[in-house]
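Peer 1: Residue numbers (my numbering): 10 to 358.
Below you will find the structure I want to go over with you.
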Ligand code: NAD
Ligand code: TYD
């Protein structure tokens, strides 16, 4: 029986990973450790909260005595580390909390794993990271596992630092690690600060759709459940010390994706064609806005046989349907500090 610590399991990607592991592997005991920040929400895990192999622990990954105590108490065999501050715009407003959670928090977890595991066999520290550590691409080319790190936002710099710490613990202490760097995810349960859920929510409420700059920045979009499936494959078959890029070869300009959303939602909301697109408002660009991300996921496909399962348009339909039928979830997660954040970010921008 394996005891797996999943950090950040109450967040967007984490809740999909927790659901997958709890349902697919009844013989594993899954411990979800989450501080329940504005981005973490236990409603995301209603489907598994009664499962015998699921356990929730509320706590902060930067709290060293607490984390060491957890490892001593439970004797985890593996860690899947997702907990992080994850939004670039917030990292521009408050970089230090990103350094604290993403760098210090990861260091505390690595150290606890090292203390607890020593040289024992069969352990694994799986670090979940982002393609943003590679920086920004021009018109052509892809990020591969060999692309040098060149982070440019406080968020990506903090994730890059955490990736380096993971690698350092592997080389210095032989900690068994694996890292994956994934492109932009979309799907259900994503907090409405990120592009797609923010735009979907604003279209529902006929609010302006704030497109940064000219809307010509490019992102590479992956269905969140395909990311969770990739994590499952890498967790079980990935080579120790290796990095795997995860992406769906699915690049979109921001403005095109917002137009696509508007088109689908006009239809679903019974609006006249073109009505939602009238809400598009060009606003001041993000500081240091990375131009283009594009992942080459050939290694993961060739070595471990993973490929995305869903076509983008089908994924978008499913995502929009989920938000349309979960208005209570949106209302709940936006009931706290969201309004204040939104005003700070968008009013008079
Ligand atoms: P998210 O913001 O939705 O969730 C983060 C979770 O971590 C929340 O549940 C939050 O409560 C928890 N958390 C934050 N600080 C914590 C702390 N100090 N202690 C314990 N828990 C804490 O993020 P997400 O989009 O689900 O991203 C998850 C991971 O995947 C992150 O490491 C992120 O860098 C990485 N990633 C995200 C994307 C993406 O498109 N969202 C793409 C690639 C990689
Ligand atoms: P985001 O979802 O924040 O992800 P990331 O910055 O980590 O890639 O943003 C995706 C793209 O959408 C990015 O180029 C910034 C842009 N964007 C907007 O144009 N308007 C918005 O309100 C948001 C949140 C993002």
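We put the beta carbon where it would ideally sit given N, CA and C, even for glycine.
Because the structure is a prediction, the values reported are computed rather than measured.
#1: Specify the secondary structure class of residue 186 as computed by DSSP and reduced to three states.
#2: For residue 199, count neighbouring C-beta atoms within 10 Å of its own C-beta (all shown protein chains included) and say buried if the count is 16 or more, exposed if not.
#3: For residue 108, which three-state DSSP category applies?
#4: Using 8 Å as the Cβ pair cut-off and three pairs as the minimum, do the region 33-53 and the region 177-193 touch?
#5: Drop a sphere of 10 angstroms on the beta-carbon of residue 265, count the other beta-carbons inside from all chains shown, and report buried for 16 or more, exposed for fewer.
#6: If we ignore side chains and look at the alpha-carbon of each, how far apart do residue 253 and residue 281 end up?
#7: Inspect the beta-carbon positions of residue 175 and residue 158 and report whether they are closer than 7 Å.
#8: Report the three-state DSSP secondary structure of residue 244 (helix, strand or coil).
#9: Taking only beta-carbon positions, decide if residue 218 is within less than 7 Å of chain D.
#10: What is the DSSP secondary structure of residue 220, reduced to helix, strand or coil?
#11: To which residues of the same chain is residue 24 closer than 7 Å at the C-beta, ignoring the five residues directly before and after it?
#12: For residue 187, collect the residues of the same chain with a Cβ closer than 7 Å to its Cβ; drop the 5 residues on either side in sequence, then sort them by chain order.
#13: Leaving out five residues on either side along the sequence, give the residues of the same chain with a beta carbon under 6 Å from the beta carbon of residue 355.
#14: Rounded to the nearest angstrom, how far is the Cβ of residue 56 from that of residue 28, given a contact under 8 Å?
#15: By Cβ distance below 8 Å, which residues in the same chain neighbour residue 69 in space, the five residues on each side in sequence not counted?
#16: By a C-beta neighbour count over all protein chains shown, 10 Å radius and 16 as the cutoff for buried, is residue 225 buried or exposed?
#17: Thinking C-alpha only, which one of 103, 99, 89, 98 is nearest residue 119?
#18: What is the C-beta distance between residue 191 and residue 256, in whole angstroms, given that I count them as a contact (C-beta under 8 Å)?
#19: One question on the structure: do residue 80 and residue 116 come within less than 7 Å of each other, judged by their Cβ atoms?
Peer 2: The structure says:
#1: strand
#2: buried
#3: helix
#4: no
#5: exposed
#6: 44 Å
#7: no
#8: helix
#9: Here chain D cannot be found, since the structure has a single protein chain.
#10: strand
#11: 18, 53, 54, 198
#12: 133, 135, 243, 247, 249, 251
#13: 219
#14: 6 Å
#15: 44, 75, 114
#16: exposed
#17: 89
#18: 7 Å
#19: no
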